[in-house]
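Numbering (the working numbering), first residue to last: 28 to 287.
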């Protein structure tokens, strides 16, 4: 009961007078550094016709909020607390090349974890549908490269600065949460920071570009499409070597036609 009372007191202390619409920065000109971590869990679908990549991923964002600092000794040595995400300010990081009209409904948000030093960790899971230019010239032996572009919608780089934990290539072996796809093989995934300056505005706009490179597994198409076509074409060609007055030649031609 005492532990619960300490949590209730701490929760009320943090959120009672908290203004979640105001960016928590000690200086108006100082940007809030947001560490952005993207963890791919599954390649769900690749829509060649509509040029859309559907993926399932976890997104973790970390930043420091000076308004969520407390002395653990005053609250029963509580060093961490879970707070509903809608109670505090959060960076409005979204997928810029989104191709889903129901984007906001596909993001599952959880409580934020706040430490006594003001470190805020917000993890969410989402199904992303992103626009991706697909090149099917070598189908079904094709390799596709897609980019998911994440950035703040309302804040420029002077208000929010995006950071990434690592820019090194990652493979499924490095991520135990990834679920292998039966149709696509994940070759590598990496994150890069990009800064864009638009012609309308002098302020920089930081982006996190998540590059996903996938390879189509062709064996299904080889056994169910390519090999049957090759065999039927070979049988049809054999009919030209049979005597023209042979009845089997007509039978073979009709059989090849019906097989297609």
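Where is the CB? At the ideal position from N, CA and C, for every residue including glycine. Keep in mind it's a predicted model, so treat the numbers as computed, not measured.
Presumed contact (8 angstroms Cβ cut-off) between residue i and residue j, rounded CB distance
i, j, result
"residue 45", "residue 114", "7 angstroms"
"residue 150", "residue 137", "6 angstroms"
"residue 261", "residue 222", "With 8 angstroms as the limit, residue 261 and residue 222 do not qualify as a contact, their Cβ atoms being about 57 angstroms apart."
"residue 105", "residue 34", "6 angstroms"
"residue 120", "residue 177", "6 angstroms"
"residue 110", "residue 64", "Actually they do not touch by this definition, with Cβ atoms about 20 angstroms apart."
Under the three-state DSSP convention, the category residue i falls into
i, result
"residue 4", "No information on residue 4 is available, as it lies outside the stretch 28 to 287 that the chain covers here."
"residue 263", "helix"
"residue 22", "As displayed, the chain neither begins before 28 nor continues past 287, which places residue 22 out of reach and without an answer."
"residue 113", "helix"
"residue 195", "With a pLDDT of only 43 at residue 195, under 50, the local geometry of the prediction cannot be trusted, and the value read off the model is given with reservation. Residue state, collapsed to three classes: coil."
"residue 64", "strand"
"residue 200", "Unreliable positioning characterises residue 200 in this predicted model, as indicated by a pLDDT of 45, which lies under 50. A coordinate reading is not provided."
"residue 282", "helix"
"residue 269", "coil"
"residue 257", "helix"
"residue 46", "coil"
First through last residue of the alpha helix (DSSP H) which encompasses residue i
i, result
"residue 32", "29-42"
Start-to-end residues for the beta strand (DSSP E) that takes in residue i
i, result
"residue 89", "79-91"
"residue 146", "146-158"
"residue 221", "211-223"
"residue 249", "Segment: none, residue 249 is in no beta strand (DSSP E) and carries neither H nor E."
"residue 122", "120-122"
"residue 208", "From DSSP, residue 208 is part of no beta strand (DSSP E); its letter is neither H nor E."
"residue 139", "139-142"
Inter-stretch contact at 8 angstroms, needing at least 3 Cβ pairs: the stretch 112-128 / the stretch 148-167: Touching, yes, given that three or more Cβ pairs across the two stretches are closer than 8 angstroms.
Cβ pair count under 8 angstroms reaching 3, the stretch 68-83 against the stretch 228-246: Contact between the stretch 68-83 and the stretch 228-246 is present, because at least three Cβ pairs lie under 8 angstroms.
Length at least 3, wholly inside the stretch 162-191: the beta strand (DSSP E) runs in chain order: Annotation note: the stretch 162-191 contains the following uninterrupted beta strand (DSSP E) runs of length 3 or greater, listed N- to C-terminal: 170-179 and 187-191.
Meets three-Cβ-pair contact criterion under 8 angstroms: the stretch 80-94 and the stretch 45-64: Contact between the stretch 80-94 and the stretch 45-64 is present, because at least three Cβ pairs lie under 8 angstroms.
Three-pair Cβ contact test at 8 angstroms for the stretch 184-193 versus the stretch 229-237: Yes, the stretch 184-193 is in contact with the stretch 229-237.
Three or more C-beta pairs below 8 angstroms linking the stretch 253-269 and the stretch 215-229: Taking a cut-off of 8 angstroms on C-beta distances, the stretch 253-269 does not touch the stretch 215-229, as fewer than three cross pairs fall below it.
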